[in-house]
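Peer 1: One structure coming up, written as structure tokens, with questions to follow.
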Amino acid sequence: MTFENILLQLDAPLALITLNRPEKHNAISLATLSELHEAVEVAAADDSIRVIAITGAGGRAFASGSDLSEVANRDLKKAMEPIVQGLAARLESLPKPTIAAIDGICMGGGLELALGCDLRLCTPHSRFATPEGKLGIIPGGGATARLPRIVGKGWALEMMLMGEPVGAEKALQMGLVTRIVEPGVLLAEVRRMAEHLASFAPFVPHFMKAMVHQGMEGSLASALAMEKFAQGALLQTEDKAEGISAFLEKRTPEFKGR
377 MTFENILLQL DAPLALITLN RPEKHNAISL ATLSELHEAV EVAAADDSIR
427 VIAITGAGGR AFASGSDLSE VANRDLKKAM EPIVQGLAAR LESLPKPTIA
477 AIDGICMGGG LELALGCDLR LCTPHSRFAT PEGKLGIIPG GGATARLPRI
527 VGKGWALEMM LMGEPVGAEK ALQMGLVTRI VEPGVLLAEV RRMAEHLASF
577 APFVPHFMKA MVHQGMEGSL ASALAMEKFA QGALLQTEDK AEGISAFLEK
627 RTPEFKGR
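Here it is in structure tokens:
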């Protein structure tokens, strides 16, 4: 499948989507968003793909933000459309784990895309920011909702109100990313993570994601109740029986997704 603004590599168990506008620091245009949606759907429908990762081409940026040439012409009606928000929500709702592999600038709409992923890792020279305030607007791709849920209210307000870049080490301390790796091994680490995730029963990451994303929206009591029901459902699966047997027999389990 050929795209103009992105690359899609399907190499089970990993689908790697690369933002491919390095001359624009991988700025996210509406055409790019459309292709991202299409690539995610292709990867989601492929049973051999267990993990979806997104990265940026060029070594200078994951994504510098939304394409400002389009934002300049965006009115209230267009602003109300779930543009980046819709893609981030789609990534969250997927049963497959998603990873943002960040190498360089990750700001504005690019950061919001990364926030929609389950896991985020970066290189030492990566920088993160929500600079929309300098443009006379606020984030519109989900940062005001997702960022405080990930790094906490204090750091989220620091980033959004100040609009100043945060480096990789600070991002790690904040919990914005969980791993820092050198650029030369970034994609190798993503592949290793994907293969590790693919070793689990398919229901496991699906249920884990649902418990965290949905559980955080309700009370602690309702989240705990939902967790128990979910675990009870998994206890009835063939994969649970296989997992226990393999552990006791000291062998590698052969999960079948049922």
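Each residue of the sequence shown is one higher than the one before, counting from 377 in the numbering used here. Even for Gly, the Cβ is constructed at its ideal location relative to N, Cα and C. Just so it is clear, the structure is predicted and the values come from calculations on it, not from any experiment.
#1: If we cut at 7 Å on Cβ distances, does M535 have a partner in chain B?
#2: Work out the CA separation of L511 and T474 for me, nearest whole Å.
#3: Measure the Cβ-Cβ separation of L467 and C493 and say whether it is below 7 Å.
#4: Are S442 and M483 close, meaning C-beta to C-beta below 7 Å?
#5: Between the C-alpha atoms of R555 and V566, what's the straight-line distance to the nearest angstrom?
#6: What does the alpha-carbon distance come out to for the pair V542 and E508?
#7: Is it the case that the Cβ atoms of D627 and E614 are separated by a distance below 7 Å?
#8: Run through DSSP, which three-state label would G462 get?
#9: Identify, in the order they occur along the chain, each residue of the same chain with its Cβ nearer than 8 Å to the Cβ of R525, setting aside the five sequence neighbours on each side.
#10: By Cβ distance, which residues of its chain are closer than 6 Å to M536, with the 5 residues on each side in sequence left out?
#11: In this structure, what does DSSP give as the bridge partners for C482?
#12: Could you give the first and the last residue of the continuous alpha helix (DSSP H) run that contains D615?
#13: Taking 7 Å as the limit between beta carbons, can you name the residues of its chain near G551, skipping five residues before and five after?
#14: How about G485 and F438: are their beta carbons less than 7 Å apart?
Peer 2: According to the data block:
#1: Of the protein chains in the structure, only one exists, and it is not chain B.
#2: 30 Å
#3: yes
#4: no
#5: 11 Å
#6: 15 Å
#7: Going by the sequence as given, residue 627 is Arg instead of Asp. Not closer than 7 Å, so no.
#8: helix
#9: M592
#10: T506
#11: A439, F504
#12: 614–624
#13: I526, V527
#14: no
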